[in-house]
Ligand SMILES: Cc1ncc(COP(=O)(O)O)c(C=O)c1O
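Numbering (the UniProt record's numbering), first residue to last: 1 to 539.
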């Protein structure tokens, strides 16, 4: 969710009046700051103000129609290949979702069934991630992986502080180590909770992900933990959790403990991989079967195949959750134990998660994962045979595997998420220097596809990459259409008059005075005139 600023209605109206195109459409309704709407069969909504709450409401039918029409301007979720977030569930799941959408998971007394389903979800996930039976794995639903990462990081910080206090050492300068390819949630954790983020540079030679040996020089006695990413947001490549945990090439964490006495825990950010790796690569060791992995997060709303609004965080044993963090709440007659940032939480996504678990089972999840990989490989191969270098790896046979390996023998291919990241081939750039890669994103958008063009992670920012996330709803047929569209668009620009055909969109896309005015920090300058900056990150 973006940060929005209170709109200055007058300046929005003025911007519309001044705009070279909008001035032609400027109406009396806009002048008065009202919703611009061509009404279908009634006029009920004509007086609704845009930037202040109406004194009197309008009929629900009119309110529905107004917002329904306005939201048709959004992209089509099925064609939004920029997002890892799931966009389709079967009718029965939708029914269940609607039936339960008025329940608050926090009200355990009132909705005990929802709570029991939550507990069973935690158990099923603990089992899927090989939590040791003898240990007491604990976990909770969250709003998404970002909240889960905050909770995991805080738990590591608290344990580190406690150990430092016990040893009579200072505990004021904690740091955390992860690759510069991290998703913004990891940096948010560090900034919000006053932990120094130590970003290990990545580059093409490390496949744009953290190489365990490279992390070691960043670790010291103030390191609260290392976060390893199971499925890089940039190219889907899995970081090597086992190598990070075990003694091998460089100085990974077990060896480090032997030499220095440091005991560095590992958290796995499995936002996407947590519900993908166990099904596509059941033999891969990355989870609680590695002793040093103390906690894992995932997004139920990514490859858990639930709509947006659900994450999970699990600890291998309750001892990794400092007791100061767990609140005992006496609420409406019972005692609840809670470690979350938000108190209230919708129960429906948790129930929808259980729907998937019992509807699909392991086999159903596996079939979807293999299908996603097949479709992603088809795209990767088509791109590689034509004008593109593919940066993701899931289409490449693993070293030692035959070039002709069986499509669904996923473990014979390089492991990763069904993500295809690609860029123009070097020869293409030499031959057609006038063609900009970002044009592919813009032109695909005109056909409905949302395919972002990003800069590679810090350390390799000069490389731009287009990225397609292949989800369940991206069928083989859609994938074939996408391939044809990408190639046709590219070939149009290769033609001598091609560049002239590129419509000169501004970098912001179409003019949108409401949106631009609602953005914070765009007009604030500090004393030396510099703008206030936040992190700029791909997600
Ligand atoms: C690796 C990784 N970590 C964390 C997140 C944040 O997940 P969420 O959107 O569920 O908060 C993402 C989202 O894409 C991700 O890819």
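Think of the CB as a built atom: it goes at the ideal place given N, C-alpha and C, for glycine as much as any other residue.
Who are residue i's beta bridge partners in DSSP?
| i | result |
| --- | --- |
| residue 421 | 467 |
| residue 455 | 464 |
| residue 363 | Looking at the DSSP assignment, residue 363 forms no beta bridge with any residue, so it has no partner. |
| residue 200 | 179 |
| residue 397 | 413 |
| residue 330 | 335 |
| residue 540 | With the chain covering 1 to 539 only, the question about residue 540 has no answer from this structure. |
| residue 57 | DSSP lists no partner for residue 57. |
| residue 226 | 177, 266 |
| residue 489 | DSSP, once it has assigned bridges, lists no residue as partnering residue 489. |
| residue 104 | 346 |
| residue 138 | 315 |
| residue 80 | 450 |
Just to confirm my understanding: we take residue i, look at its own chain, exclude 5 residues before and 5 after, and list those with CB closer than 8 Å. What are they?
| i | result |
| --- | --- |
| residue 193 | 150, 153, 154, 157 |
| residue 283 | 411 |
| residue 308 | 85, 86, 144, 301 |
| residue 335 | 328, 329 |
| residue 78 | 87, 88, 473, 474, 478 |
| residue 437 | 423, 424, 453, 464, 466 |
| residue 173 | 196, 222 |
By Cβ distance below 6 Å, which residues in the same chain neighbour residue i in space, the five residues on each side in sequence not counted?
| i | result |
| --- | --- |
| residue 257 | 263 |
| residue 201 | 180, 459 |
| residue 288 | 129, 130, 131, 316 |
| residue 380 | 390, 395, 420 |
| residue 10 | none |
| residue 344 | 104, 106 |
| residue 362 | none |
| residue 540 | With the chain running from 1 to 539 in the structure shown, residue 540 is simply not present. |
| residue 547 | Because the chain here runs from 1 to 539, residue 547 falls outside it and cannot be looked at. |
| residue 382 | 483 |
Sorted by chain position, which residues of the same chain lie with C-beta nearer than 7 Å to residue i's C-beta, five sequence neighbours on each side aside?
| i | result |
| --- | --- |
| residue 324 | 158 |
| residue 456 | 208, 234, 463, 465 |
| residue 83 | 469 |
| residue 373 | 280, 394, 410, 418 |
| residue 434 | 499 |
Using the C-alpha atoms, what's the distance from residue j back to residue i?
| i | j | result |
| --- | --- | --- |
| residue 247 | residue 493 | Reliability fails at residue 247, whose pLDDT of 43 lies under 50, so the model's placement of it is uncertain and the value that follows must be treated cautiously. In a straight line, the C-alpha of residue 247 is about 50 Å away from that of residue 493. |
| residue 100 | residue 312 | 19 Å |
| residue 162 | residue 371 | 47 Å |
| residue 49 | residue 19 | 21 Å |
| residue 7 | residue 265 | 45 Å |
| residue 319 | residue 465 | 42 Å |
| residue 449 | residue 87 | 15 Å |
| residue 292 | residue 274 | 17 Å |
| residue 94 | residue 123 | 24 Å |
| residue 146 | residue 139 | 15 Å |
| residue 91 | residue 245 | 43 Å |
| residue 178 | residue 278 | 23 Å |
| residue 475 | residue 321 | 42 Å |
| residue 215 | residue 358 | 40 Å |
| residue 377 | residue 21 | 44 Å |
| residue 261 | residue 399 | 36 Å |
| residue 431 | residue 496 | 12 Å |
| residue 310 | residue 142 | 6 Å |
| residue 367 | residue 53 | 49 Å |
| residue 98 | residue 220 | 50 Å |
| residue 253 | residue 242 | 10 Å |
| residue 445 | residue 115 | 42 Å |
| residue 443 | residue 238 | 31 Å |
| residue 229 | residue 272 | 9 Å |
| residue 109 | residue 451 | 45 Å |
| residue 191 | residue 218 | 18 Å |
| residue 96 | residue 61 | 24 Å |
| residue 557 | residue 189 | Look at the range of the chain in this structure, 1 to 539, and you will see that residue 557 is not part of it. |
| residue 471 | residue 364 | 14 Å |
Within the stretch 235 to 314, ranges of the beta strand (DSSP E) (whole runs, at least 3 residues): 266 to 269, 293 to 299
In chain order, each beta strand (DSSP E) run of at least 3 residues that lies wholly inside the stretch 140 to 185: 175 to 179
Every unbroken alpha helix (DSSP H) inside the stretch 111 to 135 [4 residues or more]: 112 to 128
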